[in-house]
Amino acid sequence: MGTNPVLFTLDPDCTEGGYEMTPAGLLLILGDTAYGKTTDAPPWGRAKAQRLLEDMLSAAYAGGFFLGDVLHTLLARGEISQRVQAMAVAACEAAGEQALEEVLGRLECAADET
Numbered sequence: 471m472g473t474n475p476v477l478f479t480l481d482p483d484c485t486e487g488g489y490e491m492t493p494a495g496l497l498l499i500l501g502d503t504a505y506g507k508t509t510d511a512p513p514w515g516r517a518k519a520q521r522l523l524e525d526m527l528s529a530a531y532a533g534g535f536f537l538g539d540v541l542h543t544l545l546a547r548g549e550i551s552q553r554v555q556a557m558a559v560a561a562c563e564a565a566g567e568q569a570l571e572e573v574l575g576r577l578e579c580a581a582d583e584t
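If you're matching positions, the sequence shown starts at 471 in the numbering used here and goes up one per residue.
#1: Pop quiz: residue 554 and residue 570 are said to be a contact at Cβ under 8 Å. What is the actual Cβ separation, rounded to whole angstroms?
#2: What residues in its chain sit with their C-beta under 7 Å from that of residue 564, if we drop five residues either side in the sequence?
#3: Skipping 5 residues on each side, what residues in its chain have a beta carbon closer than 8 Å to that of residue 471?
#4: Would you decide whether residue 518 is buried or exposed? Buried here means 16 or more other CB atoms lie within 10 Å of its CB.
#5: Please report the straight-line C-alpha distance between residue 495 and residue 485, rounded to a whole angstrom.
#6: Please report how far the alpha carbon of residue 525 lies from the alpha carbon of residue 477, in whole angstroms.
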């Protein structure tokens with residue numbers, strides 16, 4: 471764990487300075503939205519973030535990542551260390567692209583419910 475994984479990069483196609491993110495970056499943002507002390511998310515937004523975070527960790531568990539409870543606890547405590555970043559990457563790699571696409575499809579549905 472010597473180097474930080476790249477979780478966010480500038481989107482060269484976005485003239486407003488947008489970012490592209492990896493699934494691991496999204497996992498960290500969901501943790502902060504669900505449990506962060508300074509988030510501006512309303513209660514329903516926190517609940518949806520928590521559900522999506524749990525769905526991502528469930529997919530990771532199904533793919534062989536057995537530290538989801540530890541990662542969930544660290545995210546709930548607001549820890550965004552090198553260790554947590556590496557665990558987020560490992561969780562998303564274990565989940566696999568297809569399972570994450572299914573979870574992210576629910577994210578789109580969740581946005582439609584608001």
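We treat Cβ as the ideally placed atom computed from N, Cα and C, and that holds for glycine. Only a predicted model underlies this, so the values are computations on that prediction, with no experimental measurement involved.
Here's the rundown:
#1: Against the sequence shown, residue 554 aligns to sequence position 84. Against the sequence shown, residue 570 aligns to sequence position 100. Residue 554 to residue 570, Cβ: 18 Å. No contact.
#2: Within the sequence shown, residue 564 is the residue found at index 94, counting from 1. Exclusion of the five residues before and after residue 564 leaves 530, 533, 534 and 535 as the residues of its chain whose Cβ lies within less than 7 Å of its Cβ.
#3: For the purposes of this step, residue 471 is identified with residue 1 of the sequence shown, where counting begins at 1. Per-residue confidence for residue 471 stands at a pLDDT of 47, beneath the threshold of 50, marking its modelled position as unreliable; the derived number appears in the next sentence. The beta carbon of residue 471 lies closer than 8 Å to those of 552, 553 and 556 in the same chain, with the five residues before and after it left out.
#4: Reading the sequence shown from its first residue, position 48 is the one you call residue 518. With 16 or more other Cβ atoms within 10 Å, it is buried.
#5: Numbered from its first residue, the sequence shown carries residue 495 at position 25. Numbered from its first residue, the sequence shown carries residue 485 at position 15. Straight-line Cα distance between these residues: approximately 21 Å.
#6: Stepping through the sequence shown from its first residue, residue 525 is reached at position 55. Stepping through the sequence shown from its first residue, residue 477 is reached at position 7. In a straight line, the C-alpha of residue 525 is about 19 Å away from that of residue 477.
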